[in-house]
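Novice: Just passing along the structure, written as structure tokens.
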Amino acid sequence: MSIALNVNAQFGRFSLTVSHTLPTNGIVGIFGHSGSGKSTLLRIICGLEKRVNGQIRFGENDLLNSSDNRFIKPSDRNIGLVFQDSRIFPHLSVKENLAFSSKHSKTRRIDFDEIVELAQLSPLIEANASQLSGGEQQRVALARAVLAEPELLLLDEPLSALDKHNKQLMLELITKVNQHYKIPIFYVSHSINELQQVADKLMVMDSGKVIDYGDIHQVIHRLNNNGLIEQQTSLSLKVTSHHQEDGLSYLTLDENQHIYLPLLPETIPSGELIRCYIYASDISITLDEPQNSSIVNHLNGTIENIEHQGDTVLVSVNCASTLFYTQISKFSFNKLALKPQSKVSIQFKAGAVRTLIGD
Amino acid sequence: MTELDLDALITTMKLAAITTVILLIIGTPLAWWLSKMKSRFKVVLEAIVALPLVLPPTVLGFYLLIAFSPQSFLGQQWFNLTGTQLAFSFKAIVIGSILYSLPFVVQPLQKAFEQLGDHYIEAASVLGANAFERFTRIVFPLTKASFITAASLGFAHTIGEFGVVLMIGGNIPGETRVLSIALFDHVEAFNYEQAHILSFGLLIGSMILLSLIYLLNHSRSPSTVKTEART
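Chains A and B, in that order, give the protein sequences.
What the first sequence shows, in the working numbering, is residues 1391 to 1749, in sequence order.
What the second sequence shows, in the working numbering, is residues 10 to 240, in sequence order.
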């Protein structure tokens, strides 16, 4: 299944034009800065914005077709939306909020108690909205949206008001909802790190238009070149093993090379794929392989591309068929006399390998 | 209290109750519509709804008297339809009261709907709730205090009405003779003892009613209704 968007809308001086087909499986991240139109696009998809021209085709059905005045009401679209500000009904308890939603599910295939457990809401089930913290409110909002059994779930900046711990809980819950209940998710955020952790595909919006779309890692690497994000290497790697005595976990780069990072929760089994990112400014280049360094990660590779960006140079280095992006000063670049195809070593500390899982 | 006064009390209560029910039925959608309206004509409509607040009731009563008279188009249509005269009937004072008390019902409701905003309503619609359910399960419970205020003010204000009823009611005992007019009659006839009983009764009754409204509104603090700017 997929959703074919062919819409344009005008809100005052802001105009949005999107012609794009997005897959409805997995998690599609929608990235852009504030005012790029990403939240508006979600509101258009679920029908909360009515003054829209064009067509939205979801599977076999037209949700919108302005040529024959077709507009399916939001309550009939079966598309869920989790708002940035939760919007838990203040006059109902957590349980009643959830029940309000499950009443509208068509098949009731999602077990009430199971989602309550998954979202860690059991102790809060009788509480009122005013008694909940921000993180709890967002978990209720997500569980509530899931209980309506939407065919597509839209998340509008669901983590923006949360602290680090609650962000982790929510990210795990979002992944579980997608995998366990097979609910496709469109996830809007201005934080590339959040999206990097969970999205399979990434769509980038700017000034009401889609400017890039593709595999999450590839799009992030393309974004490195246009200054929209902090330059980074985005990776999906398998967990090799945990080494508590060293305080490190190992990730598999290829059969003989590992990447070391601070110990992950040991609940993550070997062989599981995790997402991590390394900022380009955290990776350095040496011409000789360093000895006796506290920096644990060093990989040998070949320079693939060099891009001058103001006072810095973005160098991409191919190590074991994986591209690593490093940002160095013009001074270092000239000193090392780097050229495409030069053999170099890159190095970075374990702590530079970042994930949003664990503490 | 004389039997005539008792009749007047019953007529007054019946008038206020019927007026309040009808006002809630027509005032709720009107208030909703005004609260969502973005057109420039909104101010004009709001002014029309608020008009009875400033207009002398006798002005409203005078125009209604003309409209209801058997010679007028409305009066004629009414006669053709029902075979009865509209002016000087109970129905006439109900219509008059509805117009006269309209702002007391519409304004608190409109304000409550505006304060509630779209946030929770949008959340309910994307969860699959239809318009009826959104109103009964989200809007009404969250604005209940304002409904109580609107109903009580509409009721109380109808009880206190004088000018409109005087103009179009005709002071028919058991039909259009309400308490305020009965009181006026007593004073005209220098029957001060009866006048005292009615005045004091109305004073105490109104006091109790208003105290109840404020008591209810305080215990049901509207803090649950948040309005946040859309981001």
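We treat Cβ as the ideally placed atom computed from N, Cα and C, and that holds for glycine.
Values in this document were obtained by computation on a predicted structure and should not be read as measured data.
#1: What do you reckon, are the CB atoms on A/G1419 and A/Y1603 nearer than 8 Å?
#2: For A/L1412, tell me which candidate among A/R1460, A/V1442, A/D1590, A/S1683 has the shortest Cα-Cα distance.
#3: Determine the burial state of A/A1399: buried for a count of at least 16 other Cβ atoms within 10 Å of its Cβ, exposed for fewer.
#4: Check distances from the C-beta atoms of the stretch 141 to 160 of chain B to those of chain A and list, in chain order, the residues that come in under 9 Å.
#5: Looking at the C-beta of A/S1597, does it have a partner C-beta in chain B at a distance below 8 Å?
#6: For A/G1444, name the three-state secondary structure that DSSP assigns.
#7: Looking only at its own chain, which residues have a Cβ that is under 7 Å from the Cβ of A/R1441, when we skip the five neighbours before and after it?
#8: Scan the stretch 1641 to 1679 of chain A and note each continuous beta strand (DSSP E) run of 3 residues or more that stays entirely inside, going in chain order.
#9: Taking only beta-carbon positions, decide if A/S1483 is within less than 8 Å of chain B.
#10: For a test of the three-state rule: what should DSSP assign to A/L1689, helix, strand or coil?
#11: Is the stretch 1722 to 1736 of chain A touching the stretch 1658 to 1667 of chain A in the sense that three or more CB pairs, one from each, lie closer than 8 Å?
#12: In the DSSP assignment, find the beta strand (DSSP E) that holds A/N1708 and state where it starts and stops.
#13: What three-state label does DSSP hand B/M216 in the structure shown?
#14: Taking Cβ-Cβ distances shorter than 7 Å, what residues in chain A pair up with B/A132?
#15: Less than 8 Å between the CB atoms is what I'm expecting for A/E1539 and A/K1496, so what's the real figure, rounded?
#16: Are the stretch 203 to 212 of chain B and the stretch 140 to 153 of chain B touching by the rule of at least three beta carbon pairs closer than 8 Å?
#17: Rank B/H128, B/A165, B/V68, B/N180 by C-alpha distance to the C-alpha of B/M216 and give the top, closest one.
#18: Among A/N1690, A/L1689, A/S1706, A/G1691, which one has its Cα closest to the Cα of A/E1697?
#19: Could you check which residue in B/V114, B/L207, B/L211, B/F144 has the C-alpha nearest to that of B/T11?
#20: Go ahead and label B/G301 buried or exposed: buried means 16 or more other beta carbons lie within 10 angstroms of its beta carbon, across all protein chains shown.
#21: Since A/Q1717 sits in a beta bridge, which residues does DSSP pair it with?
#22: Scan the stretch 1555 to 1635 of chain A and note each continuous alpha helix (DSSP H) run of 4 residues or more that stays entirely inside, going in chain order.
#23: Would you kindly check if the distance between the Cβ of A/A1509 and the Cβ of A/R1384 is under 8 Å?
#24: Go through the stretch 22 to 108 of chain B residue by residue and report every complete run of the alpha helix (DSSP H) that reaches 4 residues or more, in order.
#25: Do A/L1713 and A/H1570 count as a contact pair if the criterion is CB distance below 8 Å?
#26: Can you name, in chain order, every residue of its own chain whose Cβ lies under 8 Å from the Cβ of B/F88, other than the five neighbours on each side?
#27: Can you list the residues of chain B that A/S1465 reaches, using a CB-CB cut of under 9 Å?
#28: I'd like to know whether the C-beta atoms of A/L1592 and A/V1609 end up nearer to each other than 8 Å.
#29: For B/P117, collect the residues of the same chain with a Cβ closer than 6 Å to its Cβ; drop the 5 residues on either side in sequence, then sort them by chain order.
Specialist: Taking the structure as given:
#1: For A/G1419 and A/Y1603, no; Cβs fall outside 8 Å.
#2: Nearest C-alpha to A/L1412: A/D1590.
#3: Result: buried.
#4: Residues of the stretch 141 to 160 of chain B with a C-beta less than 9 Å from any C-beta of chain A: E142, R143, R146, I147, P150, L151, K153, listed in chain order.
#5: Using a CB distance cut-off of 8 Å, A/S1597 does not count as an interface residue toward chain B.
#6: It is a strand residue.
#7: The answer, listed in chain order, is A1399.
#8: You should have 1647 to 1652, 1663 to 1669, 1674 to 1676.
#9: Proximity of A/S1483 to chain B, defined by a Cβ-Cβ separation below 8 Å, is not satisfied.
#10: Three-state result, A/L1689: strand.
#11: Between the stretch 1658 to 1667 of chain A and the stretch 1722 to 1736 of chain A there are fewer than three C-beta pairs closer than 8 Å, too few to call the two in contact.
#12: 1702 to 1709 is the span of the beta strand (DSSP E), which, as asked, contains A/N1708.
#13: Note: B/M216 maps to helix in three-state DSSP.
#14: F1473, R1477, listed in chain order.
#15: Rounded, the Cβ-Cβ distance is 6 Å, consistent with contact.
#16: Under the three-pair Cβ rule at 8 Å, the stretch 203 to 212 of chain B does not count as touching the stretch 140 to 153 of chain B.
#17: Closest by alpha carbon: B/A165.
#18: Measuring C-alpha to C-alpha distances from A/E1697 to each of A/N1690, A/L1689, A/S1706, A/G1691 identifies A/S1706 as the nearest.
#19: Checked all of B/V114, B/L207, B/L211, B/F144; the closest Cα to B/T11 is B/L207.
#20: The structure shown does not extend to residue 301 of chain B, since chain B is modelled only from 10 through 240, so no value can be given for it.
#21: A/L1704.
#22: With a minimum length of 4 residues, the continuous alpha helix (DSSP H) runs that stay inside the stretch 1555 to 1635 of chain A are 1582 to 1588, 1606 to 1613.
#23: Outside the shown range of chain A (1391 to 1749) lies residue 1384 of chain A, about which nothing can therefore be said.
#24: Listed in chain order, they are 51 to 63, 66 to 77, 82 to 91.
#25: Against a cut-off of 8 Å, the Cβ pair of A/L1713 and A/H1570 comes out as no contact.
#26: So the list reads P79, Q94, L95, once near-sequence residues are dropped.
#27: Within chain B, the residues near A/S1465 are A133, S134, V135, L136, G137, A138, N139, A140, E142, R143.
#28: Yes. Within cutoff.
#29: Listed in chain order, the non-local C-beta contacts of B/P117 below 6 Å within the same chain comprise S155, T158, A159, local neighbours out to five positions each way being set aside.
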